[in-house]
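This report concerns only the one structure given below.
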Amino acid sequence: EKHFQIQSGEGQMLNGFTFEYYVDGDWTENAPKNAGSYNVKITRPEDDTYKAYEKVIENGLVIEKEEVNVPTIESKTYTGSTLTADVEDNDLYVVSENNGGVNAGKYDVKLTLNDSTNYKWKTSDDAEITLEFTISKAELTITAKDKTIIYNQDPANDGVTYDGFVNGETSAVLSGTLTFEYSYEKGNNAGEYTITPSGLTSNNYEIEFVDGRSEDEHFKEEFPNTIIEHVKYLEGDWLEEFIKKHLSHEI
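Quick note, the numbering used here runs 758 ahead of the 1-based positions in the sequence shown.
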């Protein structure tokens, strides 16, 4: 309840005043409890010391609404199943909408105050507020498999591996076309090169592409010493020297 005191010009407390509040179209001596602005009428009958007094103070009593903190809506990561925000009804508000969804994205969560007459959201004057619930993408790693090729062959690959699919999903849920780029070109020297996958996209997966390794092996793997010896026998010693110099590290 609200209490008033009246002081004289000299600061002395004065008694005998009556306070009335204009509530719902009537004057009442019962102080209001609900939030709002109220006119206040102050009266005092005449006595031996003072004349009769009456004064109406517009909006003389203001009861502010109590603020309600807005709950934090935590995001969740895509699982392939329906997800909803972790928020529940309580004494101050009810969850009027929390349908969530399956796919990664943003979804509405609506909360409605139980008593909007005396309470207000800290961030809004409306009885209902709309918050955002986020389903974030799951992480998916696509790694190019290592591949061994023979010198002077065209670049090639053995496909990719996937790590991160949820709920039994496979590459069939991805969009786009899997493509590869090679740091190796036909005719490059023997050595290690990279195979870089790309081209696949998804609304539900945050994709990280990881390079594979391409190893270019020497011609000697395809032409064993027995074949070279036959060539040597047929063509002469100069051919063996040519093969040693240009096509093989050793024979």
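Backbone N, C-alpha and C fix where the C-beta goes; we use that ideal spot for every residue, glycine too.
Taking a contact to require three or more Cβ pairs closer than 8 Å, the region 858 to 876 and the region 787 to 802 qualify as touching. If you draw a straight line from the Cα of residue 788 to the Cα of residue 779, it comes to about 7 Å. Per DSSP, the continuous beta strand (DSSP E) segment holding residue 955 begins and ends at 949 to 959. In the DSSP assignment, no residue is bridged to residue 914. Cα atoms of residue 905 and residue 925: separation of roughly 30 Å, rounded to the nearest angstrom. Here the alpha carbon of residue 819 sits roughly 7 Å from the alpha carbon of residue 798.
Residue 933 is bridged by DSSP to 959.
Between residue 910 and residue 944, the CB-CB gap stays under 8 Å.
Note that the C-beta distance between residue 972 and residue 913 is below 8 Å. Of all alpha-carbon atoms in 933, 953, 968 and 946, the one lying nearest the alpha-carbon of residue 962 is that of 933. In the three-state reduction of the DSSP assignment, residue 775 falls in the coil class. Shortest Cα-Cα distance from residue 821 to any of 800, 804 and 781 involves 781. Counting every other CB atom within 10 Å of its CB across the protein chains shown gives residue 930 a total below 16, marking it as exposed. By the Cβ-count criterion, residue 808 is exposed, with fewer than 16 other Cβ atoms from all chains shown falling within 10 Å of its own Cβ. A residue is called buried once 16 or more other Cβ atoms fall within 10 Å of its Cβ, and residue 810, having fewer, is exposed.
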